[in-house]
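To keep things clear, I will list the structure first and then write my remarks on it.
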Amino acid sequence: MKELQHLNKYFYKYKWRLILGFLITIAARIFAIYPVQFIGDSTNVIESYVSGEIGSAATLRQELFYYIVLIIGAQLISAFLTFLMRQTFIVVSRYMEFDLKNEVYEQYQKLSLNFYKKNRTGDLMNRISEDVSKVRMYLGPAIMYSVTTLTLFVIVIWYMVNTAPMLTLYTLAPLPFLSFAIYKLSVAIHKRSTVVQQYLSKLNTFTQESFSGISVIKSYSLEPQTNKNFVELSNGSKQKNLDLVKVQAFFFPLMVLLIGVSNTLVIFIGGRQVISGEIENIGVIVEFLLYVNMLTWPVATVGWVTSIVQQAEASQKRINEFLKEEPQIKNRNEERTSILGDIAFKNVSFTYEDTNITALRNVSFTVKRGETLAIIGKTGSGKSTILELIGRLYDVQTGLIEIDGRNIRELNLYDLRDSIGYVPQDAFLFSDSIRNNIRFGKTNATDEEVIEAAKNASVHNNVIGFSKGYDTVLGERGITLSGGQKQRVSIARAIIHDPQILLFDDCLSAVDTETEEEILNNLFKISKEKTTIIVSHRISSAKNADKIIILEDGVIGQHGTHQELIHAGGYYKELYAKQLSEKEM
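Each residue of the sequence shown is one higher than the one before, starting from 1 at the first, in full-length UniProt numbering.
Below, the structure written as structure tokens:
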């Protein structure tokens with residue numbers, strides 16, 4: 001139960017609702033007891049009539065009608081209170097499920113990129129869906145039936161002891177054996193539940209990756225192999241679920257057996273006590289039989305509840321693993337920060353933790369507000385890393401990054417990121433309309449602003465060519481659009497945000513040179529008072545920048561303006577000559 005202690009704060013939050021549910025449960029169980037007593041009294045009335053103590057059949061009918069009315073009335077009240085009890089406990093469990101899902105999702109939002117590189121999307125989804133659902137069963141049905149069982153046990157046993165103490169002792173004798181069996185089975189269920197959830201995560205991860213990469217699977221005709229792998233995973237998951245179900249299957253037969261033993265003892269021991277005169281009325285035997293059968297379902301739910309608790313603990317343990325994860329990037333300043341756009345790298349070095357690859361080595365440069373910096377280099381030279389460090393998606397290990405003369409770690413993290421318009425190399429679009437994808441950069445943007453941003457990104461003409469225009473709903477990850485269109489919609493999203501710092505990570509690689517020239521001209525117009533950093537493989541994207549740096553294996557090999565670098569020779573001049581000849585061809 002240690003892992004489930006994390007949920008105590010939710011019990012405290014909804015304590016008054018739970019207390020109300022507990023009081024309603026007590027009332028419902030008390031009214032559930034009355035019909036049993038009335039049936040016992042009815043049996044005694046019939047016994048009196050048979051023995052001649054009640055001579056009139058009319059009196060018998062009158063007495064029985066009286067008890068029937070009481071039985072029906074008590075049952076109706078008990079049923080209504082039971083309805084209220086379920087409404088209270090189950091509704092509270094849904095509130096708690098809502099809170100827990102929000103807590104997990106907020107934690108996901110806080111965690112750094114390294115976390116997402118180490119964990120798969122399918123596993124993340126499984127923990128916030130399947131695992132939370134398992135926990136909800138503990139928060140709702142398990143708590144409700146535990147309270148119901150405990151209340152009913154206390155009330156029923158109290159009545160039984162007051163009525164026939166010795167018969168009660170014999171009746172409840174099988175319960176210790178039941179408790180021991182439940183304990184042994186619970187340990188096995190806990191182990192198997194953990195394995196089941198792990199296999200479910202693997203299955204979800206494989207499925208998610210298969211759907212995301214369906215074009216690759218089809219292109220290489222890997223459907224048979226993928227299906228084979230899925231079947232193997234499914235069979236493994238099925239087997240683990242069967243192992244769990246086989247253990248769970250012991251509960252109900254065991255309950256029925258022990259309840260049957262209790263009924264037999266009631267009839268045998270109770271009958272002998274009636275014969276010997278220790279019990280005066282046969283109605284007591286009827287009451288005890290009904291009491292035992294009333295306890296049948298609660299006793300049976302003990303096993304079911306135990307199973308739920310064990311599964312919930314296994315799931316909550318998996319959830320806690322992520323909730324206890326500390327984000328590497330933390331906001332150290334709650335004060336609002338106004339960002340102007342001066343950027344300085346001072347001897348910055350950075351090594352990726354997951355791969356141990358050193359991306360930058362003692363990199364130093366400055367970019368003033370209103371200036372444009374272009375970064376050129378081969379694949380893997382560290383270009384994208386610079387942009388990620390500016391957005392504090394990672395923190396540097398050595399060196400210093402300053403924004404407006406202040407250490408980047410001392411700035412309000414959210415104000416820093418709000419001042420940045422970032423277009424990544426792999427443009428990501430949501431399964432929403434083109435209009436809303438552009439508005440993602442500014443949620444309250446007008447239609448005119450959306451169109452203006454699209455025009456500056458040179459994608460407006462493409463959009464109005466679609467049958468639904470800006471209301472065209474994109475497929476997953478923007479699959480409806482071409483690579484160049486996705487990049488341009490992403491650029492429009494950054495432009496409409498109107499940030500102080502614009503970061504473009506090779507985001508024009510999928511467009512032709514004419515469109516590239518048009519977009520760059522628009523960008524230079526709208527970024528006069530903004531700091532712009534353009535990462536590219538193309539000289540055409542970099543030549544008009546105020547400053548250009550050449551990265552080679554994480555080190556700045558050359559820097560200067562376009563003309564200075566052409567005259568200096570080296571990699572930049574060679575790349576320029578090569579691309580110029582390719583263009584002429």
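Ideal Cβ placement from N, Cα and C applies to all residues, glycine included.
Among the options, the one whose alpha carbon lies nearest that of residue i
i	options	result
Ala453	Ala492, Asp342, Ala427, Gly283	Ala492
Val305	Gln397, Leu150, Glu402	Leu150
Lys184	Ile403, Val247, Ile128	Val247
Leu124	Ser201, Lys110, Ser78	Ser201
Lys83	Glu321, Phe22, Gly484, Val104	Checking the displayed sequence, the identity of residue 83 turns out to be Phe instead of Lys. The shortest Cα separation from Phe83 among Glu321, Phe22, Gly484, Val104 belongs to Phe22.
Thr561	Tyr576, Gly341, Lys573, Ala545	Ala545
Phe177	Leu258, Phe153, Gly236	Leu258
Phe365	Tyr66, Trp16, Leu400	Leu400
Val266	Gln485, Val292, Val69	Val292
Glu106	Pro327, Ile495, Glu410, Gly140	Pro327
Asn119	Ala79, Tyr352, Val195, Phe322	Phe322
Leu172	Val216, Glu232, Asn263, Gln225	Asn263
Lys528	Leu70, Asp498, Gln397, Pro253	Asp498
Trp16	Glu63, Gly554, Val92	Val92
Gly380	Val555, Gln87, Ser467, Ile526	Val555
Leu113	Pro174, Thr385, Tyr470	Thr385
residue 586	Gln198, Ile269, Thr194, Lys547	Lying before the first or after the last residue shown, residue 586 is absent from the chain, which here runs from 1 to 585.
His6	Glu313, Ala494, Arg332	Glu313
Ser42	Ile19, Ile68, Phe31, Thr205	Ile68
DSSP state of residue i mapped onto helix, strand, coil
i	result
Glu452	helix
Asp432	coil
Arg332	coil
Ala344	strand
Thr366	strand
Asn461	helix
Ala249	coil
Asn407	strand
Arg361	strand
Val511	coil
Gly569	coil
Asn320	helix
Lys191	helix
Gly213	coil
Pro35	helix
Leu295	coil
Lys2	coil
Lys543	coil
Ala445	coil
Asp418	helix
residue 587	In this structure the chain extends from 1 to 585, so residue 587 is not present and cannot be described.
Tyr14	coil
Ser201	helix
Gly380	coil
Ile71	helix
Asp498	coil
Arg493	helix
Asp354	coil
Distance CB(residue i)-CB(residue j) smaller than 8 Å
i	j	result
Ser541	Leu508	yes
Gly570	Gln579	no
Lys240	Arg318	no
Gln75	Glu287	no
Ile24	Leu60	no
Ile420	Gly377	no
Arg488	Ser536	no
Lys486	Ala427	yes
Gly122	Phe89	no
Arg409	Asp395	yes
Gly40	Gly271	no
Asp505	Gln563	no
Arg29	Leu152	yes
Val463	Ile496	no
Gly370	Gln500	no
Identity of the residues DSSP links to residue i by a beta bridge
i	result
Ser349	Thr398
His559	Ile549
Ala374	Ile534, Ile548
Asn263	BP columns for Asn263 are empty, so no partner.
Phe504	Val423, Ile534
Val302	In DSSP, Val302 forms no bridge with anything.
Val473	Ser433
The ligand GTP heavy atom lying under 7 Å from the CB of residue i
i	result
Asn436	As presented, the structure is devoid of all ligands, the ligand GTP included, so that no description of it is given.
Cutoff 8 Å: residue i Cβ touching any chain C Cβ
i	result
Ile420	Of the protein chains in the structure, only one exists, and it is not chain C.
Problem set entry | Every unbroken alpha helix (DSSP H) inside the region 98-179 [4 residues or more] | If we require 4 residues or more, the alpha helix (DSSP H) runs fully inside the region 98-179 come out as 113-118, 121-126, 132-137, 143-163, 165-171.
Problem set entry | 4-residue-minimum alpha helix (DSSP H) runs that sit fully inside the region 215-248, ordered along the chain | Listed in chain order, they are 223-248.
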